[in-house]
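Position 88 of the sequence shown, counted from 1, bears residue number 88 in UniProt numbering, the numbering being contiguous throughout. C-beta: ideal position from N, C-alpha, C; glycine also. These numbers were taken from a predicted model, which means no experiment stands behind them.
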Amino acid sequence: CFKLPDNVSTLEGALIEPLAVGFHAAKQGEAHAGQTAVVFGAGCIGLVSMMALKACGVSRVYVVDVMEKRLEKAMELGADGVINGREEDVLEKAKELTGGEGFDLAIETAGTEITTNQAVQAVRKGSNIVLVGYGKTGMMNVMMSLALDKEVTFKTVFRYRHIYPMAIDAVAQGKVNLKGIATHIF
1 CFKLPDNVST LEGALIEPLA VGFHAAKQGE AHAGQTAVVF GAGCIGLVSM
51 MALKACGVSR VYVVDVMEKR LEKAMELGAD GVINGREEDV LEKAKELTGG
101 EGFDLAIETA GTEITTNQAV QAVRKGSNIV LVGYGKTGMM NVMMSLALDK
151 EVTFKTVFRY RHIYPMAIDA VAQGKVNLKG IATHIF
């Protein structure tokens, strides 16, 4: 149990758990200033991952999704750019955004084989790919030869309770706009 500071609302408090997932993903990916990162998936976990990357000082963070409304929300919450995977070639856009170098870090939150393989293709040699999303079957075919050639490091996210204090502090300091995630209050 964690006490919320007086300047953190109960709405924000309710969203600390997903934010902790995002911060844990950023930590697993060794996020830091100067990097260019990509988040696959713009649902709640993708959005908090993007915000956590920004709070960790990552220089540019892009978000990939196939739903325009989610991409609009990502921009509203601070993404440096978005890629609509339904309307754009994700890999061509990744090359354009990174000068052909590839992203320094990818966080995959959609849990699909397609986006996981796009992450492998879109990162530069020696990058970290953090797998957060779960697929329906728990199984997928991944371009392992390319991952091996690029010396990619895969990391995962599951246990993250120890990150709650970091997430609470980021909200209290105004580094993360959690209120922007909520679209409806009942």
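What residue range does the beta strand (DSSP E) around residue i cover?
i, result
"Thr153", "153 to 156"
"Ala37", "36 to 40"
Assign residue i to one of three DSSP states: helix, strand, or coil.
i, result
"Glu108", "strand"
"Asp149", "helix"
"Asp65", "strand"
"Lys125", "strand"
Kindly list the residues whose CB is nearer than 8 Å to the CB of residue i, restricted to its own chain and excluding five residues on each side of it in sequence; keep chain order.
i, result
"Val142", "Glu113, Thr116, Asn117, Val120"
"Gly135", "Gly111, Thr112, Glu113"
"Gln28", "Asn128, Val130, Lys155, Thr156, Val157"
"Asn177", "Met51, Leu77, Gly78"
"Arg161", "Ala20"
"Pro165", "Phe2"
Who are the Cβ neighbours of residue i in its own chain at under 7 Å, not counting the five residues just before and after it?
i, result
"Tyr62", "Val38, Ala79, Asp80, Gly81, Val82, Ile83, Leu97"
"Gly180", "Glu76, Leu77"
"Arg86", "Val66"
"Ala74", "Ala42, Leu47, Met50, Val63, Val82"
Can you name the start and end residues of the alpha helix (DSSP H) that residue i belongs to?
i, result
"Phe23", "16 to 28"
"Val120", "113 to 122"
"Arg86", "Unbroken run through Arg86: none, as it is neither H nor E."
"Asp169", "164 to 172"
What does DSSP give as the partner residue(s) for residue i in the beta ladder?
i, result
"Leu131", "Glu108, Thr156"
"Ala52", "According to DSSP, Ala52 bridges with nothing at all."
"Thr98", "Looking at the DSSP assignment, Thr98 forms no beta bridge with any residue, so it has no partner."
"Gly138", "The partner list for Gly138 (beta bridge, DSSP) is empty, contrary to what the question assumes."
"Val82", "Val63"
"Phe186", "The partner list for Phe186 (beta bridge, DSSP) is empty, contrary to what the question assumes."
"Phe2", "Beta-bridge pairing links Phe2 to no other residue."
Using 10 angstroms around the beta-carbon of residue i, count the other beta-carbons present and answer buried if the total reaches 16, otherwise exposed.
i, result
"Cys1", "exposed"
"Gly34", "exposed"
"Ile16", "buried"
"His184", "exposed"
"Asp89", "exposed"
"Lys93", "buried"
"Phe40", "buried"
"Lys54", "buried"
Looking only at its chain, what residues have a beta carbon closer than 6 Å to the beta carbon of residue i, apart from the 5 residues adjacent to it on each side?
i, result
"Pro5", "Ala172"
"Val48", "Pro18, Leu19, Gly22"
"Cys56", "Ala26, Ala31"
"Lys150", "Lys125"
"Leu146", "Val120"
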